[in-house]
Each structure stands twice: as structure tokens, then as C-alpha cells.
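**Student:** Just so you know, we're using the numbering used here here: the sequence shown kicks off at 74 and counts up by one. Glycine included, each C-beta is placed from N, C-alpha and C at the ideal position.
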Amino acid sequence: MSEPAAAASGLWRPDGPSTIVRGDNLEVIAGLPSSAFQLIYLDPPFNTGRSQARQRTTAVRSEAGAGSVIGFKGRSYERIKGDILSYDDRFEDYWGFLEPRLIEAWRLLADTGTLYLHLDYRESHYAKVLLDALFGRESFLNEIVWAYDYGAKAKNRWPAKHDTILVYVKNPADYYFDSSAVDREPYMAPGLVTPEKAELGKLPTDVWWHTIVSPTGREKTGYPTQKPEGVLRRIVQASSREGDWVLDFFAGSGTTGAVAAALGRRFLLVDSSADAVAVMRARFSGQPDVLFAG
Ligand SMILES: C[S@@+](CC[C@H](N)C(=O)[O-])C[C@H]1O[C@@H](n2cnc3c(N)ncnc32)[C@H](O)[C@@H]1O
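Rendered as C-alpha cells:
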């Protein structure tokens, strides 16, 4: 699909309203113009790679090998990817699904833009190595640990109660990051700092303690993998300005859009699931300006 194809098909325009598109994300994003988004947040489902493995096409592979990947470090990327895939078939399925979408994410980021990739302990280390090769190691900004404490706890090992969010910028020499815009949090030991500092709160670090979405709380949409608005809020505050475009093409219940709208950003959300789109219709029902397409 040519670059302006999505715009031409009427799905999304940079001068248009915040938009929610139902469709396979690779097809939708392939038609979006390059460098259009300041912030991309992705929370892919862990098992999608396995169930989607049969959909991996030669076209995607050859397109990646033939052109864009060369720009992302060419041979070293292919070698690293080959090394990783050679010892984990299951991961090949997952990466076969994710890789072309991450290549598109790189293309779609504005020069000052940032990608947040939300995974868990099972895949995050492979993804780190591969994103280092894809974006360039110097483009790695942070590994954010989102720690929570909820649900059953294993007795035969340390209960796994965190997710990992990998953060990469497109251009390490000129990216947007405003820590002063981020909500501060209470000191763990307020008695150790001055009353003024305790009152102001501290800047969050790369470890974020935050509850999951409460099963009875205001935020709850009923979507099973819904992420808390508080986690997205920090991301949107730090890595975008008011008016910027924010993209989430694994949108689910639309948390990224809800937070982006609350903070005065514009958003494009994509999800292939009818259930997700139904949840988003309900979630954005009070915002008549949001366009549903696809
Ligand atoms: C983990 S959920 C995202 C949850 C979201 N962050 C939230 O807060 O609600 C992943 C989403 O990706 C969607 N998805 C999976 N494969 C997709 C594809 N190929 N194209 C578009 N969406 C896809 C699923 O339908 C699911 O809603």
C-alpha cells in the first residue's frame, strides 16, 4: 500500500479527528504516512504470535529484508534475529507476528517520537535484544518495570507480579521527554526529606508501583487485558505534548485513547476485535468527535 493510502481511504487524516479503526493492524498502519506520530504505545497479546503464525507472509519478510530493515542496521539485525530464532521456535512465531509491526512503528514515529512496548517477563528480554538491533542500541531509553500485587501467588518460585515496558526513541540526539509534566508520587520515606520535598512528591523512577484496574472501580470496562490509566498517564505526559498524535494499534479497551483525550492529545486506535471496538464505543460515547472507521 502506498504511504498516503490510509489517508486516501479516509481512515485517518493528520488534520482530522481522533479515530478508532477496526481491522488488522498491519494492514491499517501500512497505509499511514511516515513520521506522523509523536508517541506509540503497544500492548500486544502474548499469545497472538502463536495463533497468528500461519498468517506470516513471504511478502512481509521479503519487504522487510529488501528495504526498510537495511536502514535499521541491516546485517547485524538479521544476524541477531537469526541467532535468537534458532533456539526458540515458539518465539519465532511470536516475533514473526510482531517484527513487521515494530518495523512499521519505527517508520510511523516522528523524529522526536518514542515507542513504548509493553510485554512481560517471558518475551521482554528477546524483544530488548531485537529492538536494540532494530532501532539501534543508542535509541534505548528505559526498561520500565510496572509492579503490581494482585491475584494468586506461586509457592514454588517468586510470584511474577510485574510487566516490562521497553522504551525506545527514534532519534537519540533529539527526542521529546518532559519529566516536569509527569505527576509526582509520594516519597516512600517522607521523613528522610524536607517537608517541602515531601509535599512536592518525587519524580517516578523506572519502577512503577501501580494497582491493576480495580474489578469494581470507575475505570473498569470489562475488557480482560485492560491496563490502568495511571500507567498510560505517565507515558503520555512525559513523551508527548498537547495536540500531538498518539498511536496504539493493539488498542483493546482504548486506555491509551482515554488518557490521550484527557490530556489534550489526539489519538488513533486500531484493534481487530469486534469486542474491543464495542467496548471502545461505550468508553468514548461521551466524546462525539471521535470517529469510528474500518
Ligand atoms: C493486550 S490487549 C490490549 C489492551 C489495552 N492496552 C487496554 O488497556 O485495554 C491486545 C489487543 O490487541 C488486539 N490485536 C491482536 N492482534 C491484532 C491484530 N493483528 N490487529 C489489530 N489488533 C490486534 C486484540 O484484539 C487485543 O484487543
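Rounded to whole angstroms, what is the Cα-Cα separation between G101 and G224?
**Tutor:** The residue asked about is misnamed: residue 101 is Val in this sequence, not Gly. C-alpha separation (whole angstroms): 36 Å.
**Student:** Quick check on the burial criterion: 16 or more other C-beta atoms within 10 angstroms. Buried or exposed for E177?
**Tutor:** Classification of E177: buried, given that the 10 Å Cβ count is 16 or more.
**Student:** Regarding F323 and ligand 1, is the C-beta to nearest heavy atom distance less than 7 Å?
**Tutor:** Under cutoff, so the answer is yes.
**Student:** Going by alpha carbons, who is nearest to S287 out of E272, G303 and V280?
**Tutor:** If we check each option's Cα against that of S287, G303 comes out closest.
**Student:** What's the C-alpha gap between T121 and W168?
**Tutor:** Note that T121 has pLDDT 49, beneath the 50 cutoff, so the model's placement of it is unreliable and no number is given.
**Student:** Ignore the nearest five residues each way along the sequence and tell me which others in M353's own chain have a CB closer than 6 Å to its CB.
**Tutor:** Closer than 6 Å at Cβ, skipping near neighbours: I93 and G327.
**Student:** Going by the beta-carbon positions, is the gap between D362 and L342 smaller than 8 Å?
**Tutor:** No, they are not a contact pair.
**Student:** Here's the rule: buried if 16 or more other CB atoms are within 10 angstroms of the residue's CB, otherwise exposed. What is I143?
**Tutor:** Reliability of the predicted coordinates at I143 is poor, the pLDDT of 47 falling under 50, and the value obtained from them is presented with this limitation in mind. With fewer than 16 Cβ atoms within 10 Å of its Cβ, I143 is classed as exposed.
**Student:** Have a look at N229 and D236 and give me their C-alpha separation to the nearest angstrom.
**Tutor:** Using only the alpha carbons, I get a separation of about 20 Å.
**Student:** Give me whichever residues DSSP pairs with I113 in a beta bridge.
**Tutor:** In the DSSP output, where bridge partners are listed per residue, I113 has L188 and L320.
**Student:** Only counting the same chain, and skipping five residues up and downstream in sequence, which positions put a Cβ closer than 6 Å to that of L115?
**Tutor:** Closer than 6 Å at Cβ, skipping near neighbours: L190 and F323.
**Student:** Going by other Cβ atoms of all chains shown within 10 Å of its Cβ, with 16 needed for buried, is P87 buried or exposed?
**Tutor:** So P87 counts as exposed.
**Student:** Touching or not, the segment 264 to 273 and the segment 200 to 215, by the rule of three or more beta carbon pairs under 8 Å?
**Tutor:** No contact exists between the segment 264 to 273 and the segment 200 to 215.
**Student:** By how many angstroms is the C-alpha of R95 removed from the C-alpha of L273?
**Tutor:** Approximately 42 Å, taken between the alpha carbons.
**Student:** Is it true that the CB of F110 sits closer than 8 Å to the CB of V242?
**Tutor:** No, these two residues do not count as a Cβ contact at 8 Å.
**Student:** Below 8 Å on the Cβ atoms is my guess for G330 versus F357; work out the distance and round it to an integer in Å.
**Tutor:** Their Cβ separation, rounded to whole angstroms, is 7 Å, which keeps G330 and F357 in contact under 8 Å.
**Student:** Going straight from the alpha carbon of F365 to that of I153, what length do you get?
**Tutor:** Rounded to the nearest angstrom, the two C-alpha atoms are 40 Å apart.
**Student:** Considering just the uninterrupted stretch of the alpha helix (DSSP H) at R230, what are its terminal residues?
**Tutor:** No alpha helix (DSSP H) contains R230, which DSSP labels as neither H nor E.
**Student:** Is V343 near ligand 1 - that is, is its Cβ less than 7 Å away from at least one heavy atom of it?
**Tutor:** It does: the Cβ of V343 is within 7 Å (strictly closer) of some heavy atom of ligand 1.
**Student:** Below 7 Å, is the gap between the Cβ of P173 and the nearest heavy atom of ligand 1?
**Tutor:** No.
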